[in-house]
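Novice: Submitted below is the structure of interest, expressed as structure tokens.
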């Protein structure tokens, strides 16, 4: 992948990531997150991870981000004042972030990764090869993820579904909101 | 092939039992879900029994899971602690306004998560196990939806958990990029090869650092401990009991396997970090616990302190130190389940039982409960001849043997500080006199669990050899070479 | 020529941005999104790694990471919803009942 | 009977559990049951005394049961002369305290009796334990019942006092745990592998430690025992604990608990670290003498009777420590005997202070005056006990103090002379207190209504007074019991002490010869192949079960 | 077993078993009084008390006669049991009677019996009757143990026992705080002396152990004294002498005796005149071998004796309380005894002990009878002309005065003269001059006392004079017996120069050695003349000055000026001791308690606790509840770790 393509795309990706963090309106930050996901998908293609790129767009950008947008609109959140109120917190945050990024980049720049010249098999990154691996070496992991998803769904249902344990619903069964108030 | 199947049976049975639980829950009518609870407990018992039965044949799944002695030990530990937590919850939930049957299935899934973490020999499988457990416990923490503190606990636990998982994952990613594999044994072999020494040394250091931080969060080591007090205090007491014992054990299972197997070659650089973490965690946990007025929050900080003591064992890193951590986890589990059990037994809607002052004069109103609580407090302090003392003794001996003399002295002095607040509780129960509105009588199920916990604590102190032996056997085959 | 290091560097930057985002923003959902960003950074690192190693493991790991992220999203949003229903706020500093 | 010692230790504990079952109402039943239970150890002790072979200096009636084979720690109990005497003191004091409890303790009576019996059980346990870890277990366990006794049945500032007592002792004893582990490990260092760790005292006698390690371990042991004694700078917990503890608590605290510190020095610190102990004997002696004078001086100005007796305990135990550090037969035998005397006289003093406290509920000396006219029997008892405490010849205090001063004088003239001044100061504060309380006109009209001692109170004090007379006039049986054991203990440090005495200019005391002459039976397994041959050969520990079986494959 | 004193013939031990009953009898008396005293009434108590002492007296006499009858140097011993043995130290309860102790036990039991008899009358209207006789019997028992003991530890038992009884008896009327603190003062000063005694015993013991024979029996000490290293014998002797000064009220530890007058008069007679105070003299005489081995120590004894004699005599002149005068006179006479020991005349010292016991007991009991008759009037300035009302007391008291003044023919003359003669013979002229001067002053103040009390007109209030009456027979009979003894007592030791054979000295020779004066008869007679002259001048001067009444004191006052006031207040040495020792001690202990105990040690303890708590509070505030802060902490933690690892690896690589 030629530098001409990499750098502008990288720039867009980073800009949209910053957009997620800086924009005041949650919807705009959600959309900028979607933008950065797309850039990543493009990178995946360049890295010959075709199926992963497709999954990224369908699963991630499609399903997960939609869920986010759905929740944001459901709670009709108005924009808050962004980074304005806590300058100290933001300053320290950015400082620490810079250190982390700097440290990682410094470490990575000194690794011997560059020296690995590996010619990839043409079928690298295709669905067939990935599938054979998923159901071969990673069969156990694959089955376990199914259980993970089941737990997530059950959990989501338990928490999100309205089932009468709030004051609004049934008065008698409701628990006084601040019953076990720990008065400190 | 059949041999692989039937030795994997415990895990398969466990998962199917959990699914069965959800189905049964749908059809159970009464609001207290006693049936589901007992199903859960029996399920755990079956899993434990089968894993012991099949323990003789260590099954290795490709290189994802290894149901070896180590995994079986944790399996047993997690199942017993999970069952205890479920029994505690039977009559606690109804009163606490939790009308969700899924409580037990989620707890069951959490136990399965712990088992996977203990058995995993591949970082990714371990990660998935970690996430399964975490998902279940995030929901359990927030299960009392009407109570703000429970919601807040769930949110904090979720956010920080997600952050920690991201950190852990990034560490694994770097490790994968450099060493080419995520299987613990391969990673360890790759790390020990000389060619990685030079240039990649720094990246490897950072990667191991990030992985350590990921697990550090799970066992609530300082400075990644801030979530623990709030979540322990916010979550329902029985969930806190489960978290403080089984979840922490899972965290340590994964941490130990990773640090002592995969990252073994890096241990030279890691030792000072671990040493520092152990010392600071112990001291902070004990010192802040001194200042607490809520018993739940105090027990949270006390569990942080005990993480510090356990880290001493991990820092030592020898075979003996590993088994001492295993034994300590068992003793610590029994003590804590008991302590939280007493709180659960006496809590009623509208009359919380979380502040230490609620326990004043307990010796006069509930002599049995007070005696059990005193026993747990003494054992947590490390007063002989209880389980806590033998646990500490074993860890200190191992650490001393590995040359960490000063760390042991710091731990010894920490025990003195811990005596101040643990015996502060005993003082409140025995010295002060009971308030006007006396605490209600203890609940039957909870009382049974507390009694069993008390007996186990005493047995671990007086006749610990069987457990000591199994801990040593369990850890004997974990270290490579 | 763009090598694996460039991609890893990019993932490091994204990772840091996500981390910073999680810290500085008040809105819980934005924090959550930042964490998702960090996960994506990890994915990028995995893919870059698998490309440099020439083995497909990395990509299957990405697959698992995505499922975990999805699960996390589901539970996370459920938690946020439950909290919102009680407190009508998603500002992190207003949710500070449990302290000291 | 085979395992007399285990029976001795367990009976009070079992009694306490039985007592727990008694319904709260039946006070009389509780009293009788608790007394009966406390008499059983007394009977066992008498039996042990009768069967005790005074010629043997090493441990007798040894029982050994595997407890923690992984660590090489075992439930190993045995006694020698010194521990037998202290056990006798414990089993005598506890029934007396239980009798006194009926009069003085009113609320949660059953809890008090249970705590007292548990306390007796733990104290006996630590006196018979000859496995270092088992000793540590009982040493820590002793704190809990005492903590409860001071905390629940104490005076106004009982909570502060009980926590201070607990933390002071724990700060001392936990570094000792680290030292014990280090010591046990050093023993196993020969075979490298942890398995061959051993906490048995017999094995540990010969352990070789680098001088620095020996010094450090000795300091850890010293700290733990010095807090308990209490020695000078670490003593401030004692006045608070005594003042706030109920009468029975103070008696047992002064009578037995304080002796654990000095017993610890003799049983553990001296034999395990002979060179370090001898090297440190000068500054420990100095601390002891400071303790004597400081305790006496501060006692002079105490307004509160119990605090005065507490500071007198600091002074008396300063004497005991001086006796131990003199490391010659007279000094150490005097020290052991003074431990018994202090238990008898100070125990009686606290009982008597309790008598008056029950009636007037104040301990301030100023509140009393001219009691002799009101309570003649009380005054006479108080007089005899006071005289025994200040060491009047003919009573027990004198014998101990005389021998300690004799030994101390041999060790170091200056220390001996200053300690002798302690005797004078001791008489001063006691007589002054006695005069302000007993003599002079009756200043406070409340004192006019005081009634003399009841039969129950007399029953608690008279045995102690009789004991004081017997121990003063005919101390032979006690000395016979401890002679061989003291010689064996000193034999451990004989080489180092002889060197010290030579350096100090007086001939090596005959005891070095006496120590060697007392036939210390060598058992082949224990002879440590030391270049000098003799030296600190560990005394034969002829346990029934060969002690080698520590920690093979479990 | 008992090596005899150097120049003493080998002693022949006669083992008996009745000696133990001598101290036991009074002990039985004590038990009786304590147990049954209050129930059986006065008569029984008095009877039992006197009977007990009588039994002791009989047994003592039997022992005395045995020793007297058998060959010189015989020792009657009764080994009861081994009291103590630890390492090299052994102490047995062994009673032994040789010449020296036979004299002492006869004096103790004899005079004791008379005083018991006298007390029945004196304490007749006292309600705590039984308690008094219990103490008296206990004292007698303790004194007998002291005298009969055959080794230092057993002697020390008696030594402190008598100290205790003097404390109890002085503070007998305990309701008066004055008297109680006088008792306490006596015990404490004795205790200081006893500390010296104990240290002395240790020095000697360990020195003997170094010689290979560790034992504290008197025989061993005296036998091996010469072989002791010089420093050991000197230090031992001096420390033991400190004990003696404490017990026998010599400088500097005599301050307790004048205050001891607070006790009932028979107590003063028995304890502070006849028996207890002589214990110090007896001890030094008993250990003469040791003192001879350290001549410097003997010098000190002599000088202290002489100084005390003079000092106490001067104070005696200015006292107005009848008992105080006698008290200072006792201190002075004890000075004489120590002077005798100082010059090596142990026999003379003991002889003076015996004679002093007789006449000083007589004087005290006489004074008691006067006080009793005048209803507790003790100030001699408000007495006078008592002779008419109390003829027997007057006669006996007069005899006593003559005896103590050293008028020839009476016992005082013989014993005092022998001391002065020995002093002169030994070449100690300074001591001799002090002795003579002291003798005249003694004569002066005794005559002053006699004249002011018995002569002239009664100066007190008439009410007392009208009721004054002679004491009952129980009191006057002992007076008469003692008067007889005071007169006859001297003839036991008449010196050769006056035609006697000095039987007393001969008798004591085996125990304490007897060395001839070695003076020409002429010089001896000349010395005798000088001392008689001194005595007579004292008597005459006092008689002339005081026959007109007490205002003669004014003459002395303006002649001696400020000195007289000092003498009146006994040079207020009490105030000096109080300022130098007691007050600083109290202030120090108060300061120690508050500053060291409370502020320093507790300060440190509570300080650390507070520090740990504040650290806890600080870290507790760290969890603010806001998720963002938690996230920040995690991020900062990550950043810190990355930074640390990068730096360490860079240093590692570079290093």
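Residue numbers (my numbering), protein chains in the order written: chain A, 913 to 1096; chain B, -11 to 469; chain C, 754 to 853; chain D, 228 to 781; chain E, 4 to 658. Ideal Cβ positions, reconstructed from N, Cα and C, are used throughout, including at glycine.
For the beta strand (DSSP E) that residue 522 of chain E lies in, which residues bound it at each end?
Specialist: Mapped onto the fifth chain, residue 522 of chain E falls at position 519. Run containing residue 522 of chain E: none; DSSP gives neither H nor E here.
Novice: Excluding five sequence neighbours on each side, which residues of the same chain lie with their C-beta closer than 8 Å to the C-beta of residue 86 of chain E?
Specialist: Walking along the fifth chain from the start, residue 86 of chain E turns up at place 83. Result list for residue 86 of chain E: 94, 95, 96, 156 and 157, in chain order.
Novice: Comparing alpha-carbon positions, which option in E/540, E/209, E/478 and E/404 lies nearest residue 374 of chain E?
Specialist: For the purposes of this step, residue 374 of chain E is taken as the residue at position 371 of the fifth chain. For residue 374 of chain E, the nearest C-alpha among the options comes from E/478.
Novice: Using beta carbons (cut-off 8 Å, strictly below), is residue 397 of chain D in contact with chain B?
Specialist: Reading the fourth chain from its first residue, position 170 is the one you call residue 397 of chain D. It does; some Cβ of chain B falls within 8 Å.
Novice: Output yes or no for whether 8 Å exceeds the beta carbon distance between residue 482 of chain D and residue 573 of chain D.
Specialist: Start at 1 with the first residue of the fourth chain, and residue 482 of chain D comes out as number 255. Start at 1 with the first residue of the fourth chain, and residue 573 of chain D comes out as number 346. Against a cut-off of 8 Å, the Cβ pair of residue 573 of chain D and residue 482 of chain D comes out as a contact.
Novice: Is the beta carbon of residue 938 of chain A closer than 8 Å to that of residue 991 of chain A?
Specialist: Mapped onto the first chain, residue 991 of chain A falls at position 79. Mapped onto the first chain, residue 938 of chain A falls at position 26. Result yes, Cβ atoms of residue 991 of chain A and residue 938 of chain A sit closer than 8 Å.
Novice: Are the beta-carbon atoms of residue 557 of chain D and residue 539 of chain D separated by less than 8 Å?
Specialist: Locating residue 557 of chain D in the fourth chain gives position 330, where the first residue counts as 1. Locating residue 539 of chain D in the fourth chain gives position 312, where the first residue counts as 1. No, they are not a contact pair.
Novice: At a Cβ threshold of 8 Å, is residue 795 of chain C touching chain A?
Specialist: Position 42 of the third chain, counting from 1, holds the residue named residue 795 of chain C. No, its Cβ sits nowhere closer than 8 Å to a Cβ of chain A.
Novice: Helix, strand or coil for residue 303 of chain D per DSSP?
Specialist: Reading the fourth chain from its first residue, position 76 is the one you call residue 303 of chain D. Three-state result, residue 303 of chain D: strand.
Novice: I want to see whether chain A comes within less than 8 Å of residue 614 of chain E, judged by CB atoms only; does it?
Specialist: As a working note, residue 614 of chain E is residue 611 in the fifth chain. Not one chain A Cβ lies under 8 Å of residue 614 of chain E.
Novice: Cβ of residue 652 of chain D within 7 Å of any heavy atom in the ligand SAH?
Specialist: Of the ligands one can find in the structure shown there are none, so the ligand SAH has no counterpart to examine.
Novice: Do residue 218 of chain B and residue 152 of chain B have their C-beta atoms within less than 8 Å of each other?
Specialist: As a position in the second chain, residue 218 of chain B is number 230, starting the count at 1. As a position in the second chain, residue 152 of chain B is number 164, starting the count at 1. Against a cut-off of 8 Å, the Cβ pair of residue 152 of chain B and residue 218 of chain B comes out as no contact.
Novice: Thinking residue 347 of chain D and residue 321 of chain D are a contact (beta carbons under 8 Å), I'd like their distance in whole angstroms, please.
Specialist: Counting from one through the fourth chain, the residue named residue 347 of chain D turns up at place 120. Counting from one through the fourth chain, the residue named residue 321 of chain D turns up at place 94. That pair is a contact at about 5 Å.
Novice: Spatial neighbours of residue 794 of chain C within its chain, please: C-beta separation below 7 Å, excluding the five flanking residues on both sides.
Specialist: Reading the third chain from its first residue, position 41 is the one you call residue 794 of chain C. Excluding residues within five positions, the ones whose Cβ falls inside 7 Å are 764, 767, 768 and 771.
Novice: Does the stretch 110 to 118 of chain E come close enough to the stretch 51 to 64 of chain E to have 3 or more Cβ pairs within less than 8 Å?
Specialist: The stretch 110 to 118 of chain E is in contact with the stretch 51 to 64 of chain E.
Novice: Starting from the C-beta of residue 121 of chain E, find all residues in its chain whose C-beta is less than 7 Å away, skip the five residues before and the five after it, and write them out in chain order.
Specialist: For the purposes of this step, residue 121 of chain E is taken as residue 118 along the fifth chain, with counting starting at 1. Same-chain partners within the cutoff: 269, 368, 477, 478 and 481.
Novice: Can you tell me which of the three DSSP states residue 376 of chain D falls into?
Specialist: One-based indexing of the fourth chain puts residue 376 of chain D at position 149. Reduced to three states, the DSSP call for residue 376 of chain D is helix.
Novice: Is the stretch 222 to 235 of chain B close to the stretch 126 to 143 of chain B, with three or more CB pairs under 8 Å?
Specialist: Touching, per the Cβ criterion.
Novice: For the alpha helix (DSSP H) holding residue 1101 of chain A, just list the boundary residues, first then last.
Specialist: There is no way to answer for residue 1101 of chain A, as the model of chain A reaches only from 913 to 1096.
Novice: Roughly how many angstroms lie between the CA atoms of residue 228 of chain E and residue 219 of chain E, to the nearest whole one?
Specialist: By 1-based counting over the fifth chain, the position of residue 228 of chain E is 225. By 1-based counting over the fifth chain, the position of residue 219 of chain E is 216. Rounded to the nearest angstrom, the two C-alpha atoms are 11 Å apart.
Novice: Just to confirm my understanding: we take residue 466 of chain D, look at its own chain, exclude 5 residues before and 5 after, and list those with CB closer than 6 Å. What are they?
Specialist: Position 239 of the fourth chain, counting from 1, holds the residue named residue 466 of chain D. Closer than 6 Å at the Cβ level, and outside the excluded window around residue 466 of chain D, lie 534 and 537.
Novice: Any beta-carbon of chain D closer than 8 Å to the one on residue 448 of chain B?
Specialist: Counting from one through the second chain, the residue named residue 448 of chain B turns up at place 460. No, residue 448 of chain B lies away from the interface with chain D (no Cβ there is under 8 Å from its Cβ).
Novice: Given that a residue counts as buried once 16 or more other Cβ atoms are within 10 Å of its Cβ, and exposed if not, what is residue 251 of chain D?
Specialist: Here residue 251 of chain D refers to the residue found at position 24 of the fourth chain. So residue 251 of chain D counts as exposed.
Novice: Find the residues of chain E that neighbour residue 197 of chain B, judging by a C-beta separation of less than 7 Å, and give them in chain order.
Specialist: Position 209 of the second chain, counted from the start, is the residue given in the question as residue 197 of chain B. Chain E residues near residue 197 of chain B: 644, 645 and 648.
Novice: Between B/362, B/215, B/444 and B/247, which lies nearest to residue 627 of chain E when the distance is taken from Cα to Cα?
Specialist: Here residue 627 of chain E refers to the residue found at position 624 of the fifth chain. Considering only alpha carbons, the answer is B/215.
Novice: Rounding to the nearest angstrom, what Cα-Cα distance links residue 468 of chain E and residue 461 of chain E in this structure?
Specialist: For this step, residue 468 of chain E is matched to residue 465 along the fifth chain. For this step, residue 461 of chain E is matched to residue 458 along the fifth chain. So the two alpha carbons sit approximately 7 Å from each other.
Novice: Within the same chain, show all residues whose beta-carbon is closer than 7 Å to that of residue 38 of chain B, passing over the 5 residues directly before and after it, in chain order.
Specialist: Position 50 of the second chain, counting from 1, holds the residue named residue 38 of chain B. If we look at residue 38 of chain B and ignore the five residues flanking it on each side, its Cβ neighbours are -3, -2 and 1.
Novice: Check this for me: beta carbons of residue 309 of chain D and residue 485 of chain D, under 8 Å apart or not?
Specialist: Translated into the one-based positions of the fourth chain, residue 309 of chain D becomes position 82. Translated into the one-based positions of the fourth chain, residue 485 of chain D becomes position 258. No, the Cβ-Cβ distance between residue 309 of chain D and residue 485 of chain D is not below 8 Å.
Novice: Do the CB positions of residue 344 of chain D and residue 246 of chain D come within less than 8 Å of each other?
Specialist: For the purposes of this step, residue 344 of chain D is identified with residue 117 of the fourth chain, where counting begins at 1. For the purposes of this step, residue 246 of chain D is identified with residue 19 of the fourth chain, where counting begins at 1. Yes, the pair counts as a contact, with Cβ atoms nearer than the cut-off.
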